[in-house]
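Chemist: This structure is in structure tokens; I'll ask about it shortly.
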Amino acid sequence: MSGEQELLYSEARKLNLGSRSDHVISLLGVCLDPNFAIVMPYMENGSLAGLLRDVDVPWALRWRMAHEISLGMTFLHCQNPQILHCDLKAENVLLDGDFHVKISDFGLSKWKAESRVVTKTSPEGSTITHAPPEFHSNINLVPNTKFDVYSFGVLLWEIVTRRQPYALAANSALISMAVTMGQRPDLTLIPTDREDVTSVSELMQTCWSQNPEDRPTFDDCADRLRHVKDRFSREEIRQAIITVEKMKTAASKK
């Protein structure tokens, strides 16, 4: 077994934890020969990124998904030793048949970087748009839980706006410089006429604070998002799912 294969196998073993959390993807198997592959359950509704791109998801369902992401990340950070994601973004959040969240690709950033299978990322395998300012300014930085919390702030922005962060930036170097100087995804795209959106926007901005010590824990995030989610009844969430399914069907016929 090559060093690269050993690294993949070691990192993939972390995915076994997924069977212990409702919101973390589980591992079915690992294939090392002839090609590297990780076998995971099929997620009927693809990624959160794809859903946000194709469908104007009702707020009730957006908040349930945001809350479930925070629960999944709380689970990973509470392991001993802690498991850091280091590449948390909408593409790495998968959705099952009922639009429940399954966080994927956690623990694999080191393998992805060394095997060079990822594009538009930093050398460490983390996506530039979701990396915190301390990462851009210190090449020797060892990531910690606050790294993931910052990424979650950007992910919340994705959920609210249905946009890609820094889409107009010419290159990753400009993003790194801007983030280090305190710039963040465009807040003018955030609706200002909804109390629930305002609550999430406040959390989002706390998550991407310039000072890592000012960022909350995922347990804090889960508590605040639970209050937002609970403004909607189960029936409202059920109707939101029905609406999304209809919109997905209509979009597929175009």
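Each number in the working numbering comes from the position in the sequence shown (counting from 1) with 2 added on.
Cβ coordinates follow ideal geometry from the N, Cα and C atoms, glycine included.
Considering Cα atoms alone, identify which of I141, S72, N146, A180 is closest to Q84.
Modeler: Of I141, S72, N146, A180, the smallest CA-CA separation from Q84 is found for N146.
Chemist: Pull the bridge partners of S49 from the DSSP assignment, please.
Modeler: L96
Chemist: So, helix, strand or coil for I177, using DSSP?
Modeler: If DSSP states are grouped into helix, strand and coil, I177 belongs with the helices.
Chemist: Scan the segment 159-241 and note each continuous alpha helix (DSSP H) run of 4 residues or more that stays entirely inside, going in chain order.
Modeler: 174-182, 197-209, 220-231
Chemist: Less than 8 angstroms between the CB of T194 and some heavy atom of the ligand SAM, yes or no?
Modeler: As presented, the structure is devoid of all ligands, the ligand SAM included, so that no description of it is given.
Chemist: State the Cα-Cα distance for the pair S28 and D221, rounded to the nearest angstrom.
Modeler: 21 angstroms
Chemist: Would you kindly check if the distance between the Cβ of T182 and the Cβ of H138 is under 9 angstroms?
Modeler: Inclusion of H138 and T182 in the CB contact set at 9 angstroms is warranted, their separation being smaller than that value.
Chemist: Using the DSSP secondary-structure output, state which residues sit across from I40 in a beta bridge.
Modeler: For I40, the beta-bridge partners assigned by DSSP are V32.
Chemist: Please state if the CB of V162 and the CB of R64 are separated by a distance shorter than 9 angstroms.
Modeler: yes
Chemist: Roughly how many angstroms lie between the CA atoms of R66 and E136, to the nearest whole one?
Modeler: Each residue's CA atom was taken as its position, placing R66 and E136 some 30 angstroms apart.
Chemist: Look at the Cβ atom of G74, then the Cβ atom of D24, and state whether they are nearer than 9 angstroms.
Modeler: yes
Chemist: Quick check on V103: does DSSP put it in helix, strand or coil?
Modeler: Strand.
Chemist: Please report the straight-line C-alpha distance between N94 and S106, rounded to a whole angstrom.
Modeler: 5 angstroms
Chemist: In terms of DSSP beta bridges, what is V26 paired with?
Modeler: I105
Chemist: Do the segment 219-236 and the segment 169-188 touch if we need at least three Cβ pairs shorter than 8 angstroms?
Modeler: Touching, no, given that fewer than three Cβ pairs across the two stretches are closer than 8 angstroms.
Chemist: Classify L170 as buried or exposed, calling it buried when 16 or more other Cβ atoms lie within 10 Å of its own Cβ.
Modeler: exposed
Chemist: Where does K148 sit, in a helix, a strand or coil, going by DSSP?
Modeler: In the structure shown, K148 sits in a helix (DSSP, three-state: H, G or I).
Chemist: In the DSSP assignment, find the alpha helix (DSSP H) that holds H87 and state where it starts and stops.
Modeler: Where H87 is concerned, there is no enclosing alpha helix (DSSP H), given that its DSSP letter is neither H nor E.
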